[in-house]
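See structure below.
Chains as they are written, first to last, in this note's numbering: chain A, 9 to 257; chain B, 1427 to 1693.
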């Protein structure tokens, strides 16, 4: 039996309701995460361990080794940063989500300015919904930071941001925007895959684990829109994972 | 212009996908190998005070089995193994389901949509690889490979198969299985004991979630009598607006339907 656009919209509203129903669990997980991190941040030992953790995380991302005997020197931004240990990964995640929000906002602006040609309604819906989910993710990560008495990440303080903004400014079609968004979604998903393995707090692990599949779902649809096979890989790799040292705060 | 992808282009995309897939497989296998090595190393060093049990380890898998009555570390590893076996059982069931679906004329036959047929074929292969990966870890850890299908959801599939009348029924059933698998692996990420195993479960969860996303999109198009839009690339201008977000209903992937570790464990 065929359904109408209105019925499809109704299905979407039901899905939104389901989404709201999942929020209490997420909030509980984040609350536990924050409590654990707050205790860690309150102790000097926790902070020192955190710095070591970041160094190991950065080294692992860079060369695939977590050999503790060869601990690399922390990056300058790491040394000066208030975001250390798992909280640096949280800050990175918040910044990545903000970058995605910025990119989708920019895409909508370019679309409304007529710079992308005709934008199909389904694409506009995709952008609006994906943007909202990324905003939810950013709010969740920032909630962890503020509960840990650290400043929330506003904007996208990342070394890769300017490149993404420049790339967005050069888009002149729906396909070029979709390709850019796909790169961001895949980087985010791979970053969370890496984070799930490398953060130490159980709440942080689960937060990354519950967000990663959502970014993957965004990516599948973007592949589909581009005419590419939507599930190209059997395992999510981590070669495009964004390293914590790209965070500039 | 015919927007539907032709078989040649579909094969080309599949080849590209397989090239990418080979790289990812190396990542998955490396994570598994790391996990197995770390677990064996941990066991090799931990039980030194356990006398005979520690000595038994040097002979390999038999030694590992001898630790079955050991302390908490082994209890954690045993739960890891159960999660791997349950995961394998879910993968086995997914393979069975897609294999069965491909025998139906509207999924794998002449009347099938080319993209749906290619998706079912490729997805079955990916589930096969997932099952092999999970079982490889089980065997390397000295456990018994899980070759059976998940006991909770097998009756669901068996009951559904005779009632299938069209592609929509198959898609609905597949969504159920992909959703349960994803929820299980997401939850397992938070339960397993090593970073390597967390990465393995996360790396598979993300792929099952993509299967679910594609199936949700296909389901919506079938329900709106727009099967002709299931094409690569789709005719974006014709897609209903609501089709743009039907594929990712949750901002955070839920875990309420996750299968417990023991559900598909080898008895």
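Backbone N, C-alpha and C fix where the C-beta goes; we use that ideal spot for every residue, glycine too.
Per DSSP, residue 129 of chain A is one residue of the alpha helix (DSSP H) stretching across 129 to 155. Look at the stretch 1567 to 1592 of chain B: it has no residue with a C-beta under 7 Å from a C-beta of chain A. By the beta-carbon neighbour count (other beta carbons within 10 angstroms, threshold 16), residue 1670 of chain B is buried. In terms of beta-carbon proximity, residue 163 of chain A stays away from the interface with chain B, with every pair separated by 7 Å or more. The alpha-carbon of residue 241 of chain A is positioned some 15 Å away from that of residue 191 of chain A. Cβ proximity to chain A below 9 Å picks out nothing from the stretch 1517 to 1530 of chain B. For residue 234 of chain A, the three-state secondary structure derived from DSSP is coil. In the three-state DSSP reduction, residue 192 of chain A falls in the helix class (H, G or I).
The way I'd put it, the stretch 132 to 148 of chain A does touch the stretch 217 to 229 of chain A; three or more beta-carbon pairs between them come closer than 8 Å. Residue 1642 of chain B and residue 115 of chain A have their alpha carbons spaced roughly 25 Å apart. No Cβ-Cβ contact shorter than 7 Å links residue 1576 of chain B with residue 1528 of chain B. Close to residue 234 of chain A, with beta-carbon spacing below 7 Å, are these residues of chain B in chain order: 1659. With its beta carbon less than 7 Å from one in chain A, residue 1621 of chain B belongs to the interface. For residue 184 of chain A, the nearest beta carbon of chain B is not closer than 7 Å to its own beta carbon. The beta-carbon of residue 242 of chain A is placed less than 7 Å from the nearest beta-carbon of chain B. Counting along the chain, the unbroken alpha helix (DSSP H) around residue 1629 of chain B starts and ends at 1621 to 1649. By the criterion of at least three beta-carbon pairs nearer than 8 Å, the stretch 190 to 204 of chain A is not in contact with the stretch 1587 to 1601 of chain B. Distance check between residue 170 of chain A and each of A:120, A:118, A:111 places A:111 closest, using alpha-carbon atoms only.
Cβ neighbours of residue 175 of chain A within its own chain (closer than 8 Å, five residues either side excluded): 188. Residues of the stretch 1664 to 1675 of chain B with a C-beta less than 9 Å from any C-beta of chain A: 1664, 1665, 1666, 1667, 1668, 1669, 1670, 1671, 1672, 1673, 1674, 1675, listed in chain order.
Listed as beta-bridge partners of residue 158 of chain A by DSSP are no residues whatsoever. Taking residue 1650 of chain B as the centre and dropping the five residues before and after it, the same chain places the C-beta of 1666 closer than 7 Å to its C-beta, in chain order. Against chain B, a Cβ distance below 8 Å from residue 201 of chain A picks out 1625, 1628, 1629, 1632. In the three-state DSSP reduction, residue 107 of chain A falls in the helix class (H, G or I). Counting along the chain, the unbroken alpha helix (DSSP H) around residue 1593 of chain B starts and ends at 1593 to 1615. Distance between residue 136 of chain A and residue 1606 of chain B, taken at the CA atoms: about 27 Å. A residue is called buried when at least 16 other Cβ atoms come within 10 angstroms of its Cβ; residue 194 of chain A meets this threshold and is buried. Residues of the stretch 104 to 122 of chain A with a Cβ closer than 9 Å to any Cβ of chain B: none.
Between residue 154 of chain A and residue 146 of chain A, the C-beta gap is not smaller than 7 Å, which leaves the two residues out of contact. Under the DSSP definition of a beta bridge, residue 166 of chain A partners with A:255.
The Cβ atoms of residue 1688 of chain B and residue 1508 of chain B sit closer than 7 Å to each other.
Separation of the CB atoms of residue 1632 of chain B and residue 244 of chain A is rounded to 4 Å, and the pair is thereby assigned contact status at 8 Å. Contact annotation for residue 1679 of chain B against chain A: 218, 221, 222 [CB-CB distance below 7 Å, chain order]. For residue 1579 of chain B, the closest of B:1572, B:1519, B:1568 by C-alpha to C-alpha distance is B:1519.
Nearest CB-CB separation between residue 1662 of chain B and chain A: below the 7 Å threshold. Per DSSP, residue 1534 of chain B is one residue of the alpha helix (DSSP H) stretching across 1531 to 1534.
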